Amino acid sequence: MADRVVLTIGTKKGVFVAEAGKTRKRFDLRGPFGPGVPVYSTLVDTRGTPGIYASSCNPFFGMKVLKSTDMGKSFKETKSAPAFPKDDGRALINIWSIEPGSAKKELWAGVEPASLFKSYDGGDSWEMVPGISNHEHSRKWNPGNGGLCMHTIIRDGNRVHLGISTGGHYLSEDGGQTFTAANTGVGAGFQPDPYPEFGQCVHKIARHDDAPGRLYMQNHGGWANWTGPGGPRPDIGVLRSDDHGHTWRSIAKGLPSDFGFPIVVHPHDADTVYVMPLEPMTRTCPGGAPAVWRSENGGESWSRIAKGLPKKQSYFTILRDAMTIDDLKTPALYFGTTTGQLWIGRESGEKFECLFDALPPIHNVKVAVV
Amino acid sequence: MVATVTLFLPEPLRTYGGGSAEVPVAANTIRDLLDRIEQTHPTLYPNVCDETGAVRRHLNIFINADNVRDLDGLQTQLKNGDVVTIVPAVSGG
Chain Y
-18 MADRVVLTIG TKKGVFVAEA GKTRKRFDLR GPFGPGVPVY STLVDTRGTP
32 GIYASSCNPF FGMKVLKSTD MGKSFKETKS APAFPKDDGR ALINIWSIEP
82 GSAKKELWAG VEPASLFKSY DGGDSWEMVP GISNHEHSRK WNPGNGGLCM
132 HTIIRDGNRV HLGISTGGHY LSEDGGQTFT AANTGVGAGF QPDPYPEFGQ
182 CVHKIARHDD APGRLYMQNH GGWANWTGPG GPRPDIGVLR SDDHGHTWRS
232 IAKGLPSDFG FPIVVHPHDA DTVYVMPLEP MTRTCPGGAP AVWRSENGGE
282 SWSRIAKGLP KKQSYFTILR DAMTIDDLKT PALYFGTTTG QLWIGRESGE
332 KFECLFDALP PIHNVKVAVV
Chain G
190 MVATVTLFLP EPLRTYGGGS AEVPVAANTI RDLLDRIEQT HPTLYPNVCD
240 ETGAVRRHLN IFINADNVRD LDGLQTQLKN GDVVTIVPAV SGG
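As they're listed, the protein sequences go chains Y and G. Sequential numbering from -18 applies to the first sequence in my numbering. Sequential numbering from 190 applies to the second sequence in my numbering.
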């Protein structure tokens, strides 16, 4: 019976694991593991005997994948990390996403420079997925400020959605063999053409099993006042698709900013979605007053939820994978900041509380009930 | 005649080098040394070079007291008794 809430917290200085009972009253913290090395992606793998994976982006000695089989009490390196074939010409910089595949030990990893790798043995060996890694567009993608990263992997039956910054949204409908750019309605603000075929700076994509075909996207917004070639392009930052990602429309009206990084769907209600608007120039909380914004009608309207959060003088950033939600009956929302605070939003975000106040800068927060 | 040199590993890399701080290698140049390491110590090599064969950006390689960047780079010739040291670059933050 699942009775423990496990949080993985990827930081600039390694990965931490926080654990609590189902009441989530008190979290015990362990770590850092892979100490001193940035961790951008983690996975609490609930298939079979639960385990934890973390990418460890060593600036000196290259990429490692860490694995824990004791729920984060200890970690060991897997036998290898993703690497490009010798004759490819690209060198791996970072792993931005680790997701479970369909087979028991199958893992998918989205990496920088944007490419997809699979492992069938729990991370001990990896192979590149050519359908996207060698896509005809792949050498034309450009890195954003965070690098040319594949940060989102969503599997939905035979469909696979990938989010690439800056490549856009790519869709496979044959299980990941082939991919096409699917960005109709997804705007780009940093080039003259506001709606290119590909090359958008997608920040995160989310979906829910109860709403087949629907996807939510946090795109790189903040271009309402652009006066350069192509003119202003307001409200391109928060989007929704109702046709499996083939076309997208804005749902940004009502938000204080359409810029942000994460987007999260409520585990029991596909119409409830959360974003964390940031000022586009500073990428910090508008007015120094952080707030999560929640829509309970699929993005038609939004409301500010900030009870318990600082009311002023708080200028942190919440990165693309630093907000998540557990799937207990009354879920809790979690987000980590670049200033090292980990917040819990109890009762689906109704009341926020700082769990840990002084961790290293947080890149990634994942949660599972095990 | 191939030179016999000693490769000195920093502490974080010793686990990949069989636990030893020093690894004897027969090689004529630094590139030759790295290629031999790839064969003899396949888990150590990717910590030093990326998939393209380039030395990782934040590592320095010294022959005795000289950085190979100030010599002939990876083509720098080795001679018997040289000590080749891999040193992570100094960084902060």
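Just so you know, even glycine gets a beta-carbon here, dropped at the ideal spot from N, CA and C. These numbers come from a predicted model, not from an experiment.
In this chain, the alpha helix (DSSP H) harbouring residue 236 of chain G covers 234 to 237. Apart from the 5 residues on each side of it in sequence, residue 263 of chain Y sits with its Cβ closer than 8 Å to the Cβ of 296 in its chain, given in chain order. For the set Y:285, Y:122, Y:337, Y:228, the Cα lying nearest the Cα of residue 7 of chain Y is the one of Y:337.
Close partners of residue 69 of chain Y in chain G (Cβ separation under 9 Å): 240, 241. At a cut-off of 8 Å between beta carbons, residue 249 of chain G makes no contact with chain Y. Separation of the CB atoms of residue 344 of chain Y and residue 43 of chain Y is rounded to 18 Å, and the pair is thereby denied contact status at 8 Å. Residues of chain Y with a Cβ closer than 8 Å to the Cβ of residue 245 of chain G are, in chain order, 41, 42, 43. In the DSSP assignment, residue 199 of chain Y forms a beta bridge with Y:185, Y:219. If you draw a 10 Å sphere on the C-beta of residue 200 of chain Y, you find 16 or more other C-beta atoms in it, and that means buried. Secondary structure note for residue 274 of chain G: its beta strand (DSSP E) is the uninterrupted segment 272 to 277.
Residue 258 of chain G sits exposed, since fewer than 16 C-beta atoms from the chains shown fall within 10 Å of its C-beta. Just measuring C-alpha positions, the residue of Y:164, Y:23, Y:48 sitting nearest residue 102 of chain Y is Y:48. Within its own chain, the residues whose Cβ lies closer than 6 Å to the Cβ of residue 256 of chain G, once the five positions on either side in sequence are excluded, are 249, listed in chain order. When the alpha-carbon of residue 223 of chain G is set against those of G:279, G:260, G:195, the nearest one is in G:195. Looking from the CA of residue 38 of chain Y, the closest CA among Y:286, Y:22, Y:161, Y:50 belongs to Y:22. From the listed residues Y:306, Y:227, Y:323, Y:316, the smallest Cα separation to residue 350 of chain Y is found for Y:306. Exclusion of the five residues before and after residue 14 of chain Y leaves -5, -4, 56 as the residues of its chain whose Cβ lies within less than 6 Å of its Cβ. Only residues of its own chain outside the window of five on either side were considered, and among them 50 have a CB closer than 8 Å to the CB of residue 30 of chain Y, listed in chain order. Residue state for residue 266 of chain G is assigned as strand, using DSSP reduced to three classes. At the C-beta level, residue 225 of chain Y and residue 136 of chain Y stay beyond 8 Å of one another.
If you look at residue 221 of chain G, you'll find it in the alpha helix (DSSP H) that goes 219 to 229.
It is roughly 54 Å from the alpha-carbon of residue 288 of chain Y to the alpha-carbon of residue 231 of chain G. For a Cβ distance threshold of 8 Å, residue set 239, 240 of chain G lies close to residue 73 of chain Y, ordered along the chain. The continuous alpha helix (DSSP H) containing residue 327 of chain Y extends over residues 327 to 330. Taking a 10 Å sphere around the C-beta of residue 153 of chain Y, we find 16 or more other C-beta atoms and assign the residue as buried. For the set Y:95, Y:114, Y:27, the Cα lying nearest the Cα of residue 85 of chain Y is the one of Y:27. Contact check between the region 211 to 219 of chain Y and the region 328 to 337 of chain Y: fewer than three CB pairs, one atom from each, fall below 8 Å, which does not count as touching. Counting along the chain, no alpha helix (DSSP H) covers residue -5 of chain Y; the unbroken beta strand (DSSP E) around it starts and ends at -5 to 2.
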